[in-house]
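Asks: Below is one structure. I have some questions about it.
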Amino acid sequence: MNDTPFWKNKTLTEMSTPEWESLCDGCGLCCLNKIEEWDSGDVYFTSIRCKLMDGESCRCTSYPNRWDFVPDCVQLTPEKVPELEWLPPTCAYRLVNEGRDLYWWHPLISGDPETVHLARVSARGRTVSENDVDLDDFEDYIVDWPLTVEDDMEANPPAKS
Ligand code: SF4
Ligand code: SF4
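Following this note's numbering, the numbering of the sequence shown begins with 468 at its first residue and continues without gaps.
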């Protein structure tokens, strides 16, 4: 019997739909608004969350019919994962695509959806809703922590409970 977990012995393309969905760690980082510089194409994260994202659970409040409200919500697919350079370094899809393992705080490892928040890898408690920010002010909310949570975590590892 093969006890190797599916994310170690399957590619993203080979995963079943339930496996694919369970791979999301619930960090919410991909649901933050990003600003793309028109001339360089560089992408910057902001701490402004999508209007459908819950700031505490970091989950989409209308996932099944999200496109009715957010038509440009990006659907992650195995084909898109390698192309989306802005996917955070801790994103499980990115890790698996790069042949890396999941961290201890991933719910598939810990068995607890809270550990992604306890490890301070998620967006919990540090975002504002796009409903509360004027579009002209978005640049004032540019942050780099969605891209550095991995370094922060390694420099200052939280105690496992
Ligand atoms: S960044 Fe990746 S792991 Fe985190 S919520 Fe988005 S898809 Fe899921
Ligand atoms: S619609 Fe939902 S899944 Fe899409 S970016 Fe917004 S919160 Fe995230």
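Quick reminder that beta carbons are idealized off the backbone N, C-alpha and C, glycines included. Please read these numbers as outputs of a predicted model, since none were measured by experiment.
For the beta strand (DSSP E) holding F512, just list the boundary residues, first then last.
Replies: Run containing F512: V510 to R516, per the beta strand (DSSP E) assignment.
Asks: What does DSSP give as the partner residues of K501 in its beta bridges?
Replies: K501 is bridged to F512.
Asks: Cβ-heavy atom distance between V498 and ligand 2 below 7 Å?
Replies: Per the sequence shown, the amino acid found at residue 498 is Cys instead of Val. True, at least one ligand heavy atom lies under 7 Å from that Cβ.
Asks: Tell whether a beta-carbon distance below 8 Å holds between P538 and L614.
Replies: For P538 and L614, no; Cβs fall outside 8 Å.
Asks: Rounded to whole angstroms, how far is the Cβ of F512 from the Cβ of V600, which I believe are closer than 8 Å?
Replies: Incorrect: roughly 14 Å between the Cβ atoms, too far for contact.
Asks: Where does V537 fall in DSSP's three states?
Replies: The answer is coil: DSSP assigns V537 none of H, G, I, E or B.
Asks: By DSSP, does C563 sit in helix, in strand, or in coil?
Replies: Residue identity differs from the one stated: residue 563 is Val in this sequence, not Cys. Note: V563 maps to helix in three-state DSSP.
Asks: Within its chain, find whatever has a CB closer than 7 Å to the CB of N564; leave out the 5 residues flanking it on each side and keep chain order.
Replies: Only L479, V548 and P549 meet the Cβ criterion.
Asks: Excluding the 5 residues preceding and the 5 following V510 in the sequence, name in chain order all residues of the same chain whose CB lies nearer than 6 Å to its CB.
Replies: Hits under 6 Å: K501, E503 and W553.
Asks: State yes or no: is the C-beta of D611 nearer than 7 Å to some heavy atom of ligand 1?
Replies: Flag unset: Cβ of D611 not near ligand 1.
Asks: On a Cα-Cα basis, can you pick out the residue from S483, D506, S507 and R591 that is closest to E523?
Replies: With distances taken between Cα atoms, E523 lies closest to R591.
Asks: Per DSSP, what kind of secondary structure is V589 in: helix, strand or coil?
Replies: For the record, residue 589 in the displayed sequence is Ser; it is not Val. Three-state DSSP puts S589 in coil, outside helix and strand.
Asks: Using the Cβ count rule (16 or more neighbours within 10 Å means buried), how would you classify G508?
Replies: Result: exposed.
Asks: How long is the line joining the alpha carbons of E597 and V541, rounded to whole angstroms?
Replies: Roughly 17 Å between the two C-alpha positions.
Asks: Is L575 near ligand 2 - that is, is its Cβ less than 7 Å away from at least one heavy atom of it?
Replies: Because no heavy atom of ligand 2 lies under 7 Å away, the Cβ of L575 does not count as near it: no.
Asks: Can you grab the Cα-Cα spacing for the pair P529 / F536, in whole Å?
Replies: It is worth fixing the name first, because residue 529 is Ser in this sequence and not Pro. So the two alpha carbons sit approximately 9 Å from each other.
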